[in-house]
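*Asks:* Residue numbers (my numbering): 486 to 786.
1) Measure how close the beta-carbons of residue 615 and residue 580 come, nearest whole angstrom, since I'm counting them as under 8 Å.
2) I'd like the span of the alpha helix (DSSP H) that includes residue 534, first residue to last.
3) Which residue comes first and which comes last in the alpha helix (DSSP H) that contains residue 764?
4) Using 8 Å as the threshold, is the stretch 716 to 736 in touch with the stretch 621 to 629, meaning 3 or more CB pairs across them?
5) For residue 656, name the three-state secondary structure that DSSP assigns.
6) Helix, strand or coil for residue 635, going by three-state DSSP, please let me know.
7) Under DSSP, the alpha helix (DSSP H) around residue 566 begins and ends at which residues?
8) What do you reckon, are the CB atoms on residue 541 and residue 585 nearer than 8 Å?
9) With a threshold of 16 other CB atoms inside 10 Å of the CB of residue 702, please say whether the residue is buried or exposed.
10) Rounded to whole angstroms, what is the Cα-Cα separation between residue 656 and residue 507?
11) Below 7 Å CB to CB, which residues in the same chain sit around residue 731 once its five sequence neighbours on both sides are set aside?
12) Only counting the same chain, and skipping five residues up and downstream in sequence, which positions put a Cβ closer than 6 Å to that of residue 648?
13) Whole angstroms are fine: how far does the CA of residue 769 sit from the CA of residue 668?
14) State the Cα-Cα distance for the pair residue 599 and residue 763, rounded to the nearest angstrom.
15) Have a look at residue 758 and residue 691 and give me their C-alpha separation to the nearest angstrom.
16) Suppose you measure from the CA of residue 706 to the CA of residue 611; what does that come to, to the nearest Å?
17) Rounded C-beta distance between residue 621 and residue 529? I'm assuming under 8 Å.
18) Less than 8 Å between the beta carbons of residue 576 and residue 635, yes or no?
19) Hey, out of 696, 643, 717, whose CA is closest to residue 589's CA?
20) Please specify which runs of the alpha helix (DSSP H), each continuous and at least 4 residues long, are wholly inside the stretch 713 to 754, giving them in chain order.
21) Spatial neighbours of residue 699 within its chain, please: C-beta separation below 6 Å, excluding the five flanking residues on both sides.
22) Of all the options 737, 642, 550, which has the alpha carbon lying nearest to the alpha carbon of residue 660?
23) Could you check if residue 509 is buried or exposed, using at least 16 other CB atoms within 10 Å of its CB as the buried criterion?
24) Assuming residue 518 and residue 571 are in contact, meaning their beta carbons sit under 8 Å apart, how far apart are those beta carbons, in whole angstroms?
25) Between residue 681 and residue 726, is the Cβ-Cβ spacing less than 8 Å?
26) Quick check on residue 519: does DSSP put it in helix, strand or coil?
27) Name the DSSP bridge partner or partners of residue 759?
28) What whole-angstrom Cβ distance do residue 709 and residue 662 have, given they're in contact under 8 Å?
29) Check residue 555 in the structure and name its three-state DSSP category.
30) Which residue from 694, 583, 748 puts its Cα closest to that of residue 531?
31) Please state whether DSSP places residue 685 in a helix, a strand or coil.
Take a look at the structure:
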């Protein structure tokens, strides 16, 4: 309800300002957000300043209700959703600016499994840094902390339990990073979008050949044990995503003349899937472990 009221107020403001006046209002709002982050989180201040020093521009846009912000690498621009309250955008700006620091990337030359793995890692990394910054804000910006916990309670819980026990920010970020993968519905949105993007490379001769290795993640995500990226926890997707990934690679132009495509090997074989009974299985159907057992093992509990 508060979100609806905010949007209505923002729309009213949009129509009462000229374009130049609206942009001026947006710039004042962005400056206020940056100032609040800088005062309440040393990590947030470092990440936002790093982005600005690289020439990244931060803008407001009248965006989709379901997207708080986005980073567009080709434009070197962070866009914040003007309809979202500032208390939420304090976290969002850290998340999106973190994306500007990441160097790992992918294109259609990668296998679908590798593309999914890369997107997951980049999003989990941005979330882990957002979480760490919000934790630092918990006393000075309690509404930002509450809003983050409402959306990503398990991520914050994983960070807090680790940091309050070991007082090590990198170890706490690692636990938050891993916890990101456990939010199944949230993660699957990224998986499905990535598979759809990779499907556009089916007519490109060089598509789906490159594979990412666990060591490739070290430059951007060196605080996470590389073994994690080969684990079932990191590679478990829905059955629909795995089937879609398999279909994309089997429909590549190099297989155009093959009548029977069922024996074509694809990178989808590297995925694990969840059964309806809550078991983790290889994509071929072999049972591996119960979901809770995997999560407990990977979290060190």
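Beta carbons: idealized from backbone N, C-alpha and C, even for Gly.
*Replies:* Taking the geometry as given:
1) Taking the chain shown and counting its residues from 1, the one referred to as residue 615 is at position 130. Taking the chain shown and counting its residues from 1, the one referred to as residue 580 is at position 95. About 4 Å separates the beta carbons of residue 615 and residue 580, which is inside the 8 Å limit, making them a contact pair.
2) Within the chain shown, the letter at position 49 stands for residue 534. Residue 534 -> alpha helix (DSSP H) spans 527 to 538.
3) Locating residue 764 in the chain shown gives position 279, counting from the first residue. For residue 764, no alpha helix (DSSP H) segment is defined; the enclosing uninterrupted segment is the beta strand (DSSP E) at 764 to 767.
4) no
5) As a first step, residue 656 must be located in the chain shown, where it is residue number 171. Looking at residue 656 - three-state DSSP - the assignment turns out to be helix.
6) In the chain shown, counting from the first residue as 1, residue 635 sits at position 150. Correct three-state label for residue 635: helix.
7) For the purposes of this step, residue 566 is taken as the residue at position 81 of the chain shown. No alpha helix (DSSP H) contains residue 566, which is instead part of the beta strand (DSSP E) from 562 to 566.
8) By one-based count along the chain shown, residue 541 stands at place 56. By one-based count along the chain shown, residue 585 stands at place 100. Closer than 8 Å, so yes.
9) Locating residue 702 in the chain shown gives position 217, where the first residue counts as 1. Its Cβ being crowded by 16 or more others within 10 Å, residue 702 is buried.
10) To locate residue 656, count along the chain shown from 1; it is residue 171. To locate residue 507, count along the chain shown from 1; it is residue 22. Cα to Cα, residue 656 sits roughly 43 Å from residue 507.
11) Residue mapping note: residue 731 aligns to position 246 of the chain shown, counting from 1. Close CB contacts of residue 731 within its chain, under the 7 Å cut and outside five residues either way in sequence, are with 751, 753 (chain order).
12) Taking the chain shown and counting its residues from 1, one reaches residue 648 at position 163. If we look at residue 648 and ignore the five residues flanking it on each side, its Cβ neighbours are 657.
13) Taking the chain shown and counting its residues from 1, the one referred to as residue 668 is at position 183. Taking the chain shown and counting its residues from 1, the one referred to as residue 769 is at position 284. Roughly 23 Å separates the two Cα atoms.
14) As a position in the chain shown, residue 599 is number 114, starting the count at 1. As a position in the chain shown, residue 763 is number 278, starting the count at 1. Looking at the two C-alpha atoms, the distance is approximately 25 Å.
15) Position 273 of the chain shown, counted from the start, is the residue given in the question as residue 758. Position 206 of the chain shown, counted from the start, is the residue given in the question as residue 691. Using only the alpha carbons, I get a separation of about 28 Å.
16) As a working mapping, residue 706 is identified with position 221 in the chain shown. As a working mapping, residue 611 is identified with position 126 in the chain shown. Rounded to the nearest angstrom, the two C-alpha atoms are 10 Å apart.
17) The residue given as residue 621 occupies position 136 in the chain shown. The residue given as residue 529 occupies position 44 in the chain shown. Indeed they touch by this definition, with Cβ atoms about 7 Å apart.
18) Locating residue 576 in the chain shown gives position 91, where the first residue counts as 1. Locating residue 635 in the chain shown gives position 150, where the first residue counts as 1. Taking 8 Å as the Cβ cut-off, residue 576 and residue 635 do not qualify as a contacting pair.
19) Translated into the one-based positions of the chain shown, residue 589 becomes position 104. Closest in C-alpha terms to residue 589, from the list 696, 643, 717, comes 696.
20) Here the runs fully enclosed are 717 to 720, 724 to 735.
21) Translated into the one-based positions of the chain shown, residue 699 becomes position 214. Correct list, in chain order: 711, 714, 715.
22) Along the chain shown, one-based indexing puts residue 660 at 175. Closest by alpha carbon: 642.
23) Your numbering for residue 509 matches position 24 in the chain shown. It is exposed - the Cβ of residue 509 has fewer than 16 other Cβ atoms within 10 Å.
24) Against the chain shown, residue 518 aligns to sequence position 33. Against the chain shown, residue 571 aligns to sequence position 86. Contact check for residue 518 and residue 571: beta-carbon distance about 6 Å, within the 8 Å limit, so the pair qualifies.
25) For this step, residue 681 is matched to residue 196 along the chain shown. For this step, residue 726 is matched to residue 241 along the chain shown. Going by C-beta atoms, residue 681 is not nearer than 8 Å to residue 726.
26) Taking the first residue of the chain shown as 1, we reach residue 519 at position 34. If DSSP states are grouped into helix, strand and coil, residue 519 belongs with the helices.
27) As a working note, residue 759 is residue 274 in the chain shown. DSSP, once it has assigned bridges, lists 765 as partnering residue 759.
28) Counted from its first residue, the chain shown places residue 709 at position 224. Counted from its first residue, the chain shown places residue 662 at position 177. With 8 Å as the limit, residue 709 and residue 662 qualify as a contact, their Cβ atoms being about 5 Å apart.
29) For this step, residue 555 is matched to residue 70 along the chain shown. Here residue 555 sits in strand by DSSP.
30) As a first step, residue 531 must be located in the chain shown, where it is residue number 46. The alpha carbon of residue 531 has as its nearest neighbour, out of 694, 583, 748, the alpha carbon of 583.
31) For the purposes of this step, residue 685 is taken as residue 200 along the chain shown, with counting starting at 1. It is coil, neither helix nor strand.
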